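>
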Amino acid sequence: MNNELYLIIIFVMAMMLGYELIKKIPPTLHTPLMSGTNAISGIVIIGSILVITSSTDLIVNILGFISLLLSSINVFGGFIVTDRMLEMFKKPKNKDKK
Amino acid sequence: MESTYIIFYFISSILFILGIKMLSSPTTARRGNLISFMGMLLAVTTTLLIVDYNLDSIVFISSGIFVGGVVGLIFAKKVQMTSMPQMVAIFNGLGGLASSLIAFSEIIRSDRTISLNIISISILISILIGSVTFSGSITGFLKLQSLITGKPILLPLRNYLNFILLVSIIGLMVASFFYNEQTLIFYILISSCLLLGILIVLPIGGADMPVVIALLNSYSGIVAAFTGFIFSNIALIISGSLIGASGLILTRIMTKAMNRSLANVILGGFGATKENINDEASDKSYKSGSSDDVASLLEYSENIIIVPGYGLAVAQAQHSIKELLDILIEQGKNVVFAIHPVAGRMPGHMNVLLAESNIDYELLLDLDQVNEKFSQTDVSIIIGANDVVNPAAKLDENSPIYGMPILDVEKSKSIVVLKRSMNPGFAGLDNNIFYNEKTVMFFGDAKNSIDSLTKSFKELI
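Just so you know, the protein sequences line up as chains C and P, in that order.
So for the first sequence, my numbering puts the first residue at 64; every next one is plus one.
So for the second sequence, my numbering puts the first residue at 467; every next one is plus one.
Structural data, given as structure tokens:
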């Protein structure tokens, strides 16, 4: 079996796992889920780093730099805003339930 | 050596999976987000260990991460919770653009040759999905931010136009296999994909934006997975697919909650062509009440359900409603909130807005949980919501919202509607609830109305 086939199998399995995982997330947390996945989609930052370091061509470097910049915005902005939201979902203190 | 890195990438994927899994409860969600962040940190560190540096690349990488990080931080700290849909739209767009730039630079790096293998095909797909995600998200953002009209923009023959464009894009992709070393073909390809993204989102009305945002969210994940195919990188493939699946599920939840198909949303034009029979509306009679009337109604009620809609968010009334809620609970009333899946401007938006004002998330019930409660409810208070409580969805086959699941407020003993005026809401539909004999209309800006209601109620007790 070749390498490419393995990658496609991983892709399909991860999709199915994602489906099962996300189905269980309650509607209350759907907005943080979306901003959290925004942050994770910043993973293309890896691709940007690989592009920048693989070439000395200036155009390639500039394109890589822009994509690195954009994906860093995604990573930091996404995780921080998600944290800000989830902080609000803590249980209010000293609330007596009847 | 290489297998060590694969293990690191694998561990970081596991961290993403755990992080998302912990989002299934509000008590663990925040820790989950931190775990996902650690996964990201591990993936980036691993990559930095693999690659070879020169001075240029060190400068590019460190300055890019630093500047991007600062911009992201400012975005994340400044954004208002009401503007979360816009922020998510922009971030989807950035992800899409980043991926298509990576794909394009891979074309240049490989001396503009495209051959029939998984890498080249992934590059072309990344360019297509990445560019569509970028221009579509920006168009969506402009609509949400009201920088362009939120109403559907309907070009003549638009569906033919999109079809022709899509066929040309596929044609260009096929051509790129035969005409190597032609940069021009890629410029045309990218421009066409960008145009397609704009044309797809333009005809979609503001009320349908949640669906579009969820769908573009999914695209931004799928394109990350294809970027993973370009570099044979499992961290990219796994996390990209997780996001892709997430966006698809959210899209399906939204379309189900509106009883529409995805195709129906994408083909657009909802609410633009419908002519409503509003002439009748003026003849029907309704009761309107003052804050004192509503306050005494609440005084005699035991079980209360509050139905918030986007009007509540527009009026920034989430803190006022918390004040009213506290007083009602203090008086021993049972109060819950009924949250329709399409309340607000993105999935779960209303929950975030109410959480912002410290309302306990356990009081926020979704459609299935709350609908059985209405028959034992003394009073339902509808604040700035219309379509999600419109019985036309059940009764009137000609209504554009026919078949959409709604909150059964009619079953409660009495109904209070907080609304600016008798003008129809966002979808432009009249609502029979307003003319029901159980209903009291309480006109005014949502925030002012709630504040005066709280004041009247305080005077009563």
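Glycine included, every Cβ here is placed at the ideal spot set by N, Cα and C.
Just so we're clear, the structure is a prediction, and the values are computed from it rather than from any experiment.
Answer yes or no: do residue 110 (chain C) and residue 693 (chain P) have a C-beta to C-beta separation smaller than 8 Å?
Along the first sequence, one-based indexing puts residue 110 (chain C) at 47. Along the second sequence, one-based indexing puts residue 693 (chain P) at 227. Taking 8 Å as the Cβ cut-off, residue 110 (chain C) and residue 693 (chain P) qualify as a contacting pair.
> May I have a chain-ordered list of the alpha helix (DSSP H) segments no shorter than 4 residues that lie completely inside the segment 837-874 of chain P?
For the segment 837-874 of chain P, whole alpha helix (DSSP H) runs of length 4 or above, ordered along the chain, are 858-861.
> Would you identify the three-state DSSP class for residue 808 (chain P), choosing helix, strand or coil?
Looking up residue 808 (chain P) in the second sequence gives position 342. It is coil, neither helix nor strand.
> What in chain P is Cβ-close to residue 72 (chain C), meaning under 7 Å?
Along the first sequence, read from residue 1 onward, the residue named residue 72 (chain C) stands at position 9. Result: empty, since nearest Cβ-Cβ is about 10 Å, beyond 7 Å.
> Taking only beta-carbon positions, decide if residue 718 (chain P) is within less than 8 Å of chain C.
Here residue 718 (chain P) refers to the residue found at position 252 when the second sequence is read from its first residue. By this cut-off, residue 718 (chain P) is not an interface position.
> Closer than 6 Å by C-beta to residue 561 (chain P): which residues in its own chain qualify, once you throw out the five before and the five after it? Chain order, please.
The residue you call residue 561 (chain P) lines up with position 95 of the second sequence. Answer for residue 561 (chain P): 686, listed in chain order.
> Do you know how far the Cα of residue 522 (chain P) is from the Cα of residue 66 (chain C)?
Taking the first residue of the first sequence as position 1, residue 66 (chain C) is located at position 3. Taking the first residue of the second sequence as position 1, residue 522 (chain P) is located at position 56. The alpha-carbon atoms of residue 66 (chain C) and residue 522 (chain P) are separated by roughly 32 Å.
> From which residue to which residue does the beta strand (DSSP E) around residue 831 (chain P) run?
Indexing the second sequence from 1 puts residue 831 (chain P) at position 365. Run containing residue 831 (chain P): 830-832, per the beta strand (DSSP E) assignment.
> With DSSP as the reference, identify every bridge partner of residue 771 (chain P), one or two as the case may be.
Here residue 771 (chain P) is taken as the residue at index 305 of the second sequence, counted from 1. In DSSP, residue 771 (chain P) forms a bridge with P:802, P:846.
> Given that a residue counts as buried once 16 or more other Cβ atoms are within 10 Å of its Cβ, and exposed if not, what is residue 79 (chain C)?
Locating residue 79 (chain C) in the first sequence gives position 16, where the first residue counts as 1. Exposed, since its Cβ has fewer than 16 Cβ neighbours within 10 Å.
> Out of P:643, P:895, P:863, which has the shortest C-alpha to C-alpha gap to residue 851 (chain P)?
Here residue 851 (chain P) is taken as the residue at index 385 of the second sequence, counted from 1. Of P:643, P:895, P:863, the residue nearest in Cα terms is P:895.
> Who are the Cβ neighbours of residue 419 (chain P) in its own chain at under 7 Å, not counting the five residues just before and after it?
There is simply no residue 419 (chain P) to check, as chain P begins at 467 and stops at 927 in what is shown.
> When you compare the CB of residue 560 (chain P) with every CB in chain C, is at least one pair closer than 8 Å?
The count along the second sequence starts at 1 and reaches residue 560 (chain P) at position 94. Chain C, which has a Cβ nearer than 8 Å to the Cβ of residue 560 (chain P), makes this yes.
> Can you grab the Cα-Cα spacing for the pair residue 482 (chain P) / residue 924 (chain P), in whole Å?
As a position in the second sequence, residue 482 (chain P) is number 16, starting the count at 1. As a position in the second sequence, residue 924 (chain P) is number 458, starting the count at 1. Roughly 49 Å between the two C-alpha positions.
> The alpha helix (DSSP H) spanning residue 148 (chain C) covers which residue range?
Within the first sequence, residue 148 (chain C) is the residue found at index 85, counting from 1. From DSSP, the alpha helix (DSSP H) with residue 148 (chain C) extends over 121-150.
> Find the residues of chain C that neighbour residue 822 (chain P), judging by a C-beta separation of less than 9 Å, and give them in chain order.
What you label residue 822 (chain P) is simply residue 356 of the second sequence in a count that begins at 1. Per Cβ cutoff of 9 Å: 148, 151.
> Measuring alpha carbon to alpha carbon, tell me which of P:865, P:761, P:603, P:791 ends up nearest residue 773 (chain P).
On the second sequence, residue 773 (chain P) is found 307 positions in, with the first residue counted as 1. Per the Cα distances, P:791.
> Where residue 870 (chain P) and residue 765 (chain P) are concerned, what is the direct C-alpha to C-alpha distance, given to the nearest angstrom?
Position 404 of the second sequence, counted from the first residue, corresponds to residue 870 (chain P). Position 299 of the second sequence, counted from the first residue, corresponds to residue 765 (chain P). Distance between the alpha carbons of residue 870 (chain P) and residue 765 (chain P) is about 33 Å.
> Ordered along the chain, which non-local residues of its own chain (more than five positions away) have a Cβ less than 8 Å from that of residue 150 (chain C)?
Within the first sequence, numbered from 1, the residue matching residue 150 (chain C) stands at position 87. Nothing listed; no residue qualifies.
> Which of helix, strand or coil does DSSP assign to residue 888 (chain P)?
Locating residue 888 (chain P) in the second sequence gives position 422, where the first residue counts as 1. In this structure, residue 888 (chain P) counts as coil in the three-state DSSP scheme.
> I'd like to know whether the C-beta of residue 687 (chain P) is nearer than 8 Å to at least one C-beta of chain C.
Translated into the one-based positions of the second sequence, residue 687 (chain P) becomes position 221. Yes, its Cβ sits closer than 8 Å to a Cβ of chain C.
> To be precise: take each residue of the segment 690-712 of chain P, compare its Cβ to all Cβ atoms of chain C, and keep it if any distance is under 8 Å. Which residues remain?
Listed in sequence order: 690, 691, 693, 694, 695, 696, 697, 698, 699, 700, 701, 702, 703, 704, 705, 706, 707, 708, 709, 710, 711, 712.
> Under 7 Å, CB to CB, which of the residues in the segment 486-500 of chain P have a partner in chain C?
Hits within the stretch, in order: 486, 487, 489, 490, 492, 495, 496, 499.
> Specify, as a first and last residue, the run of the beta strand (DSSP E) that residue 909 (chain P) falls within.
Residue numbering aside, residue 909 (chain P) sits at position 443 when the second sequence is read from its first letter. 905-909 is the extent of the beta strand (DSSP E) around residue 909 (chain P).
> Measuring only between beta-carbons, confirm whether residue 941 (chain P) sits less than 8 Å from chain C.
In the structure as shown, chain P starts at 467 and stops at 927, and residue 941 (chain P) therefore has no counterpart that could be examined.
> Exposed or buried, what is residue 683 (chain P) when buried is set at 16 or more other beta-carbons lying within 10 Å of its beta-carbon?
Taking the first residue of the second sequence as 1, we reach residue 683 (chain P) at position 217. The residue is buried, with at least 16 neighbouring Cβ atoms inside 10 Å.
> Could you tell me whether any Cβ in chain C is nearer than 8 Å to the Cβ of residue 554 (chain P)?
Residue numbering aside, residue 554 (chain P) sits at position 88 when the second sequence is read from its first letter. Yes, contact with chain C.
> Terminal residues of the continuous alpha helix (DSSP H) containing residue 555 (chain P)?
Walking along the second sequence from the start, residue 555 (chain P) turns up at place 89. Taken as a continuous stretch (DSSP letters only), the alpha helix (DSSP H) holding residue 555 (chain P) covers 550-575.
> Looking at the unbroken alpha helix (DSSP H) that takes in residue 82 (chain C), where does it start and where does it end?
Translated into the one-based positions of the first sequence, residue 82 (chain C) becomes position 19. Looking at the DSSP string, the run of the alpha helix (DSSP H) that includes residue 82 (chain C) is 66-86.
> Beta-carbon of residue 765 (chain P) versus every beta-carbon of chain C: anything under 8 Å?
Position 299 of the second sequence, counted from the first residue, corresponds to residue 765 (chain P). Chain C, which has no Cβ nearer than 8 Å to the Cβ of residue 765 (chain P), makes this no.
> Taking the CB atoms as reference points, tell me whether residue 124 (chain C) and residue 118 (chain C) lie closer together than 8 Å.
Counting from one through the first sequence, the residue named residue 124 (chain C) turns up at place 61. Counting from one through the first sequence, the residue named residue 118 (chain C) turns up at place 55. Going by C-beta atoms, residue 124 (chain C) is nearer than 8 Å to residue 118 (chain C).
> Smallest Cα separation from residue 666 (chain P): which of P:703, P:858, P:638, P:626?
By 1-based counting over the second sequence, the position of residue 666 (chain P) is 200. Closest by alpha carbon: P:626.
> Along the chain, where does the alpha helix (DSSP H) that runs through residue 943 (chain P) open and close?
Residue 943 (chain P) lies beyond the residue range present for chain P, which begins at 467 and ends at 927; the question has no answer from this structure.
> Quick one: is residue 517 (chain P) near chain C, going by C-beta distance under 8 Å?
For the purposes of this step, residue 517 (chain P) is taken as residue 51 along the second sequence, with counting starting at 1. With 8 Å as the cut-off, residue 517 (chain P) counts as an interface residue toward chain C.
> Just mark residue 572 (chain P) as buried or exposed, buried being the case when its beta carbon has 16 or more other beta carbons within 10 Å.
Counted from its first residue, the second sequence places residue 572 (chain P) at position 106. Classification for residue 572 (chain P): buried.
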